[in-house]
Amino acid sequence: MSATDTQHHSSDDSRQVVELYTRSEKIYPREVQGRYARLRAATVWLLLGLYYLLPWISVHGQQLVLFDLPARKFYVFGMVFWPQDFILLTGLLLLAAFGLFFVTALAGRLWCGYACPQTVWTEVFIWLERLAEGPAAKRRKRDRGPWTADKAWRKIAKHSLWLVFALWTGFTFVGFFTPITELADKVLRFQTSGWESFWIVFYSFATWGNAGFLREQVCKYMCPYARFQSAMFDDNTLIISYDQARGEPRGSRSRKLAHAELADNKLGDCIDCTLCVQVCPTGIDIRQGLQYECIACAACIDVCDDVMRRMDYPTGLIRYTTQNAIDNKPSKIIRPRILLYTLLLLVIMTGWVTVASQRAPVMLDVMRDRNALYRELSDGQVENSFLLRVMNRSNQAQEFTITASGLAGLNIFGDATVKLESGELGSLPITLRAPRSGIKVRNDIVFTVQAVSQPELTIQETSRFIGPR
Ligand code: SF4
Ligand code: SF4
12 MSATDTQHHS SDDSRQVVEL YTRSEKIYPR EVQGRYARLR AATVWLLLGL
62 YYLLPWISVH GQQLVLFDLP ARKFYVFGMV FWPQDFILLT GLLLLAAFGL
112 FFVTALAGRL WCGYACPQTV WTEVFIWLER LAEGPAAKRR KRDRGPWTAD
162 KAWRKIAKHS LWLVFALWTG FTFVGFFTPI TELADKVLRF QTSGWESFWI
212 VFYSFATWGN AGFLREQVCK YMCPYARFQS AMFDDNTLII SYDQARGEPR
262 GSRSRKLAHA ELADNKLGDC IDCTLCVQVC PTGIDIRQGL QYECIACAAC
312 IDVCDDVMRR MDYPTGLIRY TTQNAIDNKP SKIIRPRILL YTLLLLVIMT
362 GWVTVASQRA PVMLDVMRDR NALYRELSDG QVENSFLLRV MNRSNQAQEF
412 TITASGLAGL NIFGDATVKL ESGELGSLPI TLRAPRSGIK VRNDIVFTVQ
462 AVSQPELTIQ ETSRFIGPR
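Take 12 as the starting number for the sequence shown in our numbering and just add one per residue.
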């Protein structure tokens, strides 16, 4: 069936056409001011500031956050992660997931309202739209009217602003995967590689489409989190709710009517101004109860509080609350699911810190030569051969020296240094010799690999030196 298919019902005396598809109406959310709007603006500045500035920060010549895929190295705040550190990446993802579960169970859709990239970028796109096309009411009127020169230039201005911002977003995104100063240089000289160009354009286009056009549709129809979060909600979860008992029966009234006289006039506190609907970015009416489309942006709280103040009524007709509080039951913050998420977060965090702190910046693997256990030399010494695999996991090239200890007179025959680039894995054949006298059949020895310029970069590995029976 096509989207516009209709279903025909016939009965004996009538035929009815039921539309299964309705076009989504463009939403023009009215501007709102208030403490939650200010909080959201501050969050937008903070998060976007981090996004756009982080890739430009370098320490000791190294970009602070860089996911260098070709070199298979991830630089994150001075730490270098390798593909072998996959377990740490998995741990971080688990931490993020359980952190989100925890916040959702405790505070509902705070993430959606203040920190989700879709919310954050949409907010900026709406600011730019307002800059070019004016307030929501004017935009709606102009959009419904005929094309004029004024309408055309405003649309051009809006899309130009959107495009510049989207391109900057796409460029910054790629700057997390390619050193951003090199990328900027290539962009200015039109010398970006095919992949770099593709991702800049793709990500810019995605930003432009999601934040400029799809907006609330992403939250309503595409976001998986919106669908499964209800499983994390309970009657103690923080939600945004309209106080039905206080607000109903709604209706217009004279401003002279005192709050104390409302009950006598069979009126609740809601003056039915519909401003809470007009400011809603998802176009819902919070007075109809909790709906999955609500992204908890709190715009309706801000505007309703303003109405209440102007009417000289108490604020909080729409407010952050819990279902239990609405039902006049006590709300509990500490409850089994919160304890469970806290425990899981602590376990994952402890595991992550333990594994991360034990990560050596040098990796050493010692293998014995399997062809000969030992060789007796004519000068009375015994010789064993090994293959050392050394990996430089620091973020710069290093020269390493190798020493062996644990046996009297033990010495390395031949070269015992290796130069490795950052991330390079080197294989080094090592021959050890020790005087025949005093050697047992099995002798525990220790290999030490140490960086010449940074002696703290060191690692040890035990092995066995085999002597004749
Ligand atoms: S903004 Fe407040 S007073 Fe106005 S319709 Fe909404 S709930 Fe009622
Ligand atoms: S109902 Fe209120 S909190 Fe929910 S999306 Fe609409 S304006 Fe935001």
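Just so it is clear, CB atoms sit at the ideal spot from N, CA and C, and this is done for glycine as well.
The model shown is predicted, which means the values in this text are computed figures rather than measured ones.
Pick helix, strand or coil for residue i, following the three-state DSSP scheme.
i: R447; result: coil
i: S474; result: strand
i: F201; result: coil
i: S171; result: helix
i: V185; result: helix
i: Y253; result: strand
i: L61; result: helix
i: S433; result: coil
i: L77; result: strand
i: D317; result: helix
i: T15; result: Confidence at T15 is low in this model, with a pLDDT of 42, below 50, so its placement is unreliable and no value can be given for it.
i: H20; result: Any reading at H20 is ruled out, since the residue's pLDDT is 46, under 50, leaving its predicted position unreliable.
i: N335; result: helix
Look at the alpha carbon of residue i and the alpha carbon of residue j, and state the distance between them as a whole number of angstroms.
i: T435; j: F85; result: The sequence shown places Glu at residue 435, rather than the Thr named in the question. Rounded to the nearest angstrom, the two C-alpha atoms are 14 Å apart.
i: N403; j: Q228; result: 48 Å
i: L489; j: V76; result: No answer is possible for residue 489: it lies beyond the span of the chain, which begins at 12 and ends at 480.
i: L106; j: V185; result: 25 Å
i: T133; j: A148; result: 18 Å
i: C311; j: L351; result: 33 Å
i: W252; j: G145; result: Note that residue 252 is Ser in the sequence shown here, rather than Trp. Each residue's alpha carbon lies about 30 Å from the other.
i: F112; j: S69; result: 33 Å
i: M233; j: G45; result: 29 Å
i: I38; j: A168; result: 20 Å
i: Q74; j: D196; result: 15 Å
i: R165; j: D280; result: 40 Å
i: V28; j: Q299; result: 28 Å
i: M322; j: C127; result: 34 Å
Tell whether a beta-carbon distance below 8 Å holds between residue i and residue j.
i: R348; j: A116; result: yes
i: L468; j: P341; result: no
i: R447; j: V393; result: yes
i: A307; j: L121; result: yes
i: T7; j: T414; result: Nothing can be reported for residue 7, as the shown portion of the chain is limited to 12 through 480.
i: T183; j: Y62; result: yes
i: S215; j: L178; result: yes
i: T293; j: C230; result: yes
i: L399; j: L384; result: no
i: W93; j: I191; result: no
i: R346; j: N276; result: no
i: V55; j: V131; result: yes
i: T412; j: V463; result: yes
i: F176; j: V135; result: yes
Would residue i pass as an interface residue toward chain B - the criterion being a Cβ-Cβ separation below 8 Å?
i: C234; result: The structure shown contains no chain B; it holds only a single protein chain.
Taking residue i and residue j to be in contact with their CB atoms under 8 Å, please state how far apart those CB atoms are, rounded to whole angstroms.
i: I250; j: T333; result: 7 Å
i: C287; j: I337; result: That pair is no contact at about 17 Å.
i: L80; j: F188; result: 6 Å
i: H270; j: Y324; result: 5 Å
Determine, using beta-carbon pairs with one atom in the segment 427-441 and one in the segment 403-415, whether at least three such pairs fall under 8 Å. yes
Check whether the segment 315-323 and the segment 270-285 are in contact - that is, three or more C-beta pairs closer than 8 Å. yes
Is the segment 441-460 touching the segment 413-423 in the sense that three or more CB pairs, one from each, lie closer than 8 Å? When C-beta atoms of the segment 413-423 are compared with those of the segment 441-460, three or more pairs fall below 8 Å, so the two segments count as touching.
Determine, using beta-carbon pairs with one atom in the segment 125-142 and one in the segment 163-174, whether at least three such pairs fall under 8 Å. yes
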